[in-house]
Every structure is written in structure tokens, then in C-alpha cells.
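> The following block contains the structure, expressed as C-alpha cells.
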Amino acid sequence: MSQGEDRGQAKQRLFLGIDLGTSHTAVMSSRGKKFLLKSVVGYPKDVIGLKLLGRPYVVGDEAFDMRSYLDLRYPLQDGVLSEISERDVEVARHLLTHLVRTAEPEEGEDICAVIGVPARASAANKALLLKMAQEVVHTAMVVSEPFMVAYGLEKLVNAIVVDIGAGTTDICALKGTVPGPEDQVTLTKAGNYVDERLQNAILERHPELQMNLNVACAVKERFSFVGPAPEASVYEFRAAGKPVQRDVTDAVRIACEALMPDILESIETLLQSFQPECQAVALRNIIVAGGGSRIRGIAGYVQEKLRPYGVAEVTCVKDPTFDGCRGALRLAEELPPQYWRQLGDVTGS
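Using the working numbering, the letters of the sequence shown correspond one by one to residues 19 to 367.
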């Protein structure tokens, strides 16, 4: 095939990088479109809801905003597809279909998608995702989410990526090859776990407050920190329907720091898997990604805790919302789809 034919074929393809998350999904396309939406599908609770909605279901932030009269379904649990029932599969199918439609493919285009999944997602779960992806795209590959981040940042040798999402925390050692299972760790303590811990910690101190996980998440997103408190965490809650202010600084610290022991233990284990002469380099090349990278003080906290291993350098990504799908898109564009099978599980041509 000539160079001109290669360019012609490339013009007929739409590449997508998809960071499929428990809470939110981020997408970037080769035509420059990018968007973020909640990983949720809403269905009318009854005939009144159907009248208000005017359609069978709605996806993303719009569904969440209408939650008073919708049954909300989150198709991803702990970062992987729920597969308890056929209804779970249908919900995931509706989400994937909406994602591809929102990317605005042109008629006749081949859609090629690289989709991020937790580092240690099961073979069965990857197969289920690819089966559904095959219904809406021509070619799809699933790769681990921390590897997507590393590829986008060109941190593929002697580095460790810690990707803290809502459902999972994924940690990956990059050694210049495609990471194997022994190079990756998936923890189920992540953002949602912090929300639960925070809700419990606040209610333990202030049982009069009206609390749910949505309120706890809002507190976390505003004040999250580890180590010394950068400021007092004073938030306006509701008690008996009335607004009240409470200082929840200690509760925020306790909830956020609950993530850290398992993360640190996993980093230490993966660090020791590098060749001895490479360990000092990897220690100075630790990247924190995902929504958890917004936790204030986390880079310094990890550096200090790793001091027994030497001088650590920990950085947080600049764009935790889109760095994952940006890496997936870069991978899709730089590596022709016929080579994708060398990197991950693939469906399609």
C-alpha cells in the first residue's frame, strides 16, 4: 500500500480514547472533540417519569440531574462492568452507545477505540466489554488505565503510575515493555471508599446532620487533603431541614488518609520488582493520576513515607480528568490497529 493510500485510509477512521470510570467517563477523539460525563443511565420510575423524560432512558449528567424521578443505574462497579443480570449488560450497552454517538462519527467512518479498564480487570470482564464495544465500534482494544496515563506522558521506563479513581486505585510499574499482571495492582479502596469513610466519620461526630454519599462527595471534592491541614474544613450542612455549619477537618483527614496504607504498600512491592540498579530511578519517577491526584498534599505525603527507600520524587498529573483518555487516544493514533493485539485484548478488524 502506498503512502498516499495510507493517508486516505487514516482519513476514514475516527480514533477514540475512552477512560471508562465508575463515577465519570472521559472521551477524546482524533477530531479534537472531548467530553466528560457521569457513568450513569437513568430510567423513568413510573409513567409520570416517562412523561417528564419523554424517552426510554437518559445518560450522564442529565440523568443525575433528573434523579428525583429516575431509577439511576451505574453500569460500572469498582471500575469494571456489572454482569449480575441481563439488565446490567443493557445499561452498559446504553452507556457505550451514548459515548460513541456523542463523539459524532461521520457516516462511513471506521471507529477505532482504545478503552481503559482497571489494571487487574478479569479476562471475562474484558471480554464482556469488548463484546458490547463490537456493537458500536469497528475495532476496540482494552488496556489498563495506568498504562494509558503512562503512554500519554511518555513515562514508559522506570516509572510507577498511581491512578486513583472512584471505584479503584490502579498502580503500575513501567519497565519499557507492556505491563504484565505481575507489574500491576488494583485496589478497591478509592474515591467511593473515601466518601463512605467520610460520611461515617462526620455522622459519628455530628449525628444530627442530614447526610448521604452525595453530600460526603461534595465535602471531599472541596476539602480533601492528607498530612497537615491546609485550612479548616468548614461546610454548610442541613440538620432538621435547617442550614448549619460544622468543622469537619479531622473527618476529612481520617477519610483521605485511609487510602494511603494500601497504596504505599503496593508502591513498595512494585518498586522492589525493578532491577536493583533501576530502583532509585523509578523512585524518582512516581506519578499520581486520576481524581485522587487532587487530594492536597498527596505528593509530599507519599515522598515522606517512602523516605526509607531513598530520595523519592512524586508528581501529580496536570489534567487528571483527561490525561487517561488522552494517552489512550495517542496510543490509538500512533499504533495502527493491526498491531493492537500486541498490547491488549482486541475485538474487530
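Just so it is clear, CB atoms sit at the ideal spot from N, CA and C, and this is done for glycine as well.
Computed from a predicted model, the values in this text were never measured in an experiment.
Could you check what DSSP says for Tyr87 in three-state terms: helix, strand or coil?
Three-state DSSP puts Tyr87 in a helix.
> Could you tell me the distance, in whole angstroms, from the CA atom of Leu174 to the CA atom of Lys238?
Between Leu174 and Lys238, the C-alpha separation is close to 32 angstroms.
> Around the C-beta of Ser311, are 16 or more other C-beta atoms found within 10 angstroms, so that it is buried, or is it exposed?
Buried: at least 16 other Cβ atoms inside 10 Å.
> In chain order, what residues of the same chain have a beta carbon less than 7 angstroms from the beta carbon of Val266, not counting five sequence neighbours either side?
Answer for Val266: Ile220, Val237, Ser251, Tyr253, listed in chain order.
> Let me know the secondary structure DSSP gives Phe82 once reduced to three states.
Here Phe82 sits in helix by DSSP.
> Mapping DSSP to helix, strand and coil, what is Asn210?
Three-state result, Asn210: helix.
> Since I believe Ile66 is in contact with Tyr92 (beta carbons under 8 angstroms), could you give me their beta-carbon distance rounded to a whole number of angstroms?
With 8 angstroms as the limit, Tyr92 and Ile66 do not qualify as a contact, their Cβ atoms being about 23 angstroms apart.
> Considering Cα atoms alone, identify which of Glu222, Glu286, Ala346 is closest to Pro326.
The option with the nearest alpha carbon to Pro326 is Glu286.
> Which value, in whole angstroms, describes the spacing of the CA atoms of Tyr357 and Leu71?
Roughly 44 angstroms separates the two Cα atoms.
> With which residues is His42 paired in a DSSP beta bridge?
His42 is bridged to Lys56.
> Helix, strand or coil for Leu263 per DSSP?
The sequence given here places Gln at residue 263; Leu does not occur at that position. It is a strand residue.
> Relative to the alpha-carbon of Asp337, which residue among Ala307, Gln321, Leu205, Leu94 has its alpha-carbon at the smallest distance?
Closest by alpha carbon: Ala307.
> When DSSP builds the beta bridges, which residues end up paired with Gly366?
Thr157.
> Kindly indicate the opening and closing residues of the alpha helix (DSSP H) around Gln321.
Residues 316–323.
> Judging by CA-CA distance, which residue of Lys144, Val212, Val45, Thr40 is the nearest neighbour of Leu32?
For the residues Lys144, Val212, Val45, Thr40, the minimum Cα distance to Leu32 belongs to Val45.
> Taking the alpha helix (DSSP H) that Phe165 falls in, what are its first and last residues?
163–171 is the span of the alpha helix (DSSP H), which, as asked, contains Phe165.
> Using 8 angstroms for Cβ pairs, my map puts Ser109 next to Val76. What's the rounded Cβ distance?
Checking the sequence, you will find Val at residue 109 rather than Ser. About 12 angstroms; that fails the 8 angstroms criterion.
> Going by DSSP, what residues sit across from Phe241 in a beta bridge?
None; Phe241 has no bridge partner.
> If I'm right that Gly209 touches Ser41 with Cβ under 8 angstroms, what's the distance once you round it to whole angstroms?
That belief holds up - the Cβ atoms of Gly209 and Ser41 are roughly 7 angstroms apart, short of 8 angstroms.
> Tell me which residue opens and which closes the beta strand (DSSP E) that Glu254 is part of.
Where Glu254 is concerned, the enclosing beta strand (DSSP E) stretches over 252–257.
> Could you spell out where the beta strand (DSSP E) holding Thr333 opens and where it closes?
That run of the beta strand (DSSP E) goes 332–334.
> Which term fits Arg215, buried or exposed, when burial requires 16 or more other beta carbons within 10 angstroms of its beta carbon?
Flag for Arg215 reads buried.
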